[in-house]
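K.L.:
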């Protein structure tokens, strides 16, 4: 049975992220125009990246929610990784733009204007990002959506970035050291480069069929331990994740004298217990006779050639 409610929920959260990005772009642009701060300009540019990333997230979570078809028998859940990769790349581009603008301001410093009012506007924009990021974090973890989690991480980076910019502007307003504004902007650029690299790395690992996290593998092992006995063995146990989907495969060895019906019932029970322990899992099992030497020759990914 296919759950048709998930796509709508995830799309709704993506639209929330889009609305937050548009709102913060407007607020931070106003703050930049009021103060002339290159730090606030860098903050506004990162919000533009947030908007593009949120649109990409909307497209990819919608695609990922599509059911399997003839050409995509395992579903479309890996589409979410493309969203994270694009978001990471956009972050790196924004970092270069910020560093360029900050370097120019460092060489040609200018005094800030209406710093107090600009700080208030920028702080309001950061609060919007903080609230939306918390919502996306909760939704991403609930639905196991890497796209929503990546968007939430990006928004939280924006929050911390804004905090650094606000501190820099505040210090400039008090001390008059205008050089601090571009220095903070350069620090912002370095910070978001790190975030971009981490997002790209995580997405690349997903595309490379990385195994389930250690905690989830431990839950799987608990299920197998309940059935592991002298007359039942497991090998070639493999796991991978693709966005919100989990995939588990294994070979189950039983006495050759068992009937097909008895072996099938055992496999059905094991698969059901794994799905209960790891919701959203596709479980593939292969029944083998324990006494057959060939059953012990296929534990590796590629079976040895005769």
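Numbering (this note's numbering), first residue to last: 1 to 306.
Positions of the beta carbon are idealized from the N, C-alpha and C atoms, including for glycine.
The structure displayed is predicted, hence computed values, not measured ones.
1) Looking only at its chain, what residues have a beta carbon closer than 6 Å to the beta carbon of residue 156, apart from the 5 residues adjacent to it on each side?
2) Roughly how far, in whole angstroms, is the beta-carbon of residue 95 from the beta-carbon of residue 200, given that I think they are within contact range, below 8 Å?
3) Let me check understanding here. Comparing Cα to Cα, which of 257, 295, 254 and 240 lies closest to residue 284?
4) Mark residue 260 as exposed unless 16 or more other C-beta atoms lie within 10 angstroms of its C-beta, in which case mark it buried.
5) Helix, strand or coil: how does DSSP classify residue 286 here?
6) Are the CB atoms of residue 232 and residue 287 nearer to each other than 8 Å?
7) Cβ of residue 196 within 8 Å of Cβ of residue 92?
8) So residue 274 and residue 185 are in contact, right, with Cβ under 8 Å, and what is the actual spacing, rounded?
9) Among 13, 131, 15 and 50, which residue has its Cα nearest to the Cα of residue 25?
10) DSSP has residue 264 in a bridge; who is on the other side?
11) Report the rounded CA-to-CA distance for residue 126 versus residue 120, giving the unit in angstroms.
12) If I measure Cβ to Cβ from residue 1 and keep anything under 7 Å in the same chain, skipping five residues before and after, which residues do I get?
13) From the DSSP output, read off the bridge partner residues of residue 250.
14) So, residue 278 versus residue 219, is the Cβ gap smaller than 8 Å?
15) How is the alpha helix (DSSP H) around residue 299 delimited, first residue to last?
16) How would you call residue 182, buried or exposed, if buried means at least 16 neighbouring beta carbons within 10 angstroms?
17) For residue 245, name the three-state secondary structure that DSSP assigns.
18) Shortest alpha-carbon distance to residue 52 belongs to which of 269, 245 and 85?
19) Start and end of the alpha helix (DSSP H) containing residue 215?
20) Please state whether DSSP places residue 33 in a helix, a strand or coil.
21) Can you give the Cα-Cα distance for residue 14 and residue 294, rounded to whole angstroms?
22) Please classify residue 81 as buried or exposed, where buried requires at least 16 neighbouring CB atoms within 10 angstroms.
23) Under 8 Å: do the stretch 209-218 and the stretch 234-250 share three or more Cβ pairs, one atom per stretch?
24) For residue 189, does the count of other Cβ atoms within 10 angstroms reach 16, so buried, or fall short, so exposed?
25) With a CB to CB cut of under 8 Å and the five nearest residues on each side skipped, what residues in its chain are close to residue 54?
26) Give me the Cβ distance between residue 57 and residue 148, rounded to the nearest whole Å; I'm assuming they're in contact under 8 Å.
27) When you compare the CB of residue 182 with every CB in chain D, is at least one pair closer than 8 Å?
28) In the structure shown, what three-state DSSP assignment does residue 19 receive?
29) Please classify residue 32 as buried or exposed, where buried requires at least 16 other C-beta atoms within 10 Å of its C-beta.
P.N.:
Here's the rundown:
1) 133
2) About 13 Å; that fails the 8 Å criterion.
3) 240
4) exposed
5) strand
6) no
7) yes
8) Between residue 185 and residue 274 the Cβ distance is about 50 Å, and since that is not below 8 Å, they are no contact.
9) 50
10) For residue 264, which the question treats as bridged, DSSP gives no partner whatsoever.
11) 10 Å
12) Only weak support exists for where residue 1 lies, its pLDDT of 31 falling under 50; the value from the coordinates is given anyway. For residue 1, where only same-chain residues beyond five positions count, there are no Cβ hits under 7 Å.
13) 285
14) yes
15) Residue 299 -> no alpha helix (DSSP H), and no H or E assigned at all.
16) buried
17) strand
18) 85
19) 214-227
20) helix
21) 50 Å
22) buried
23) yes
24) buried
25) 14, 17, 18, 20, 21 and 151
26) 7 Å
27) Protein chain content of the structure displayed is limited to a single chain, and chain D is not contained in it.
28) helix
29) buried
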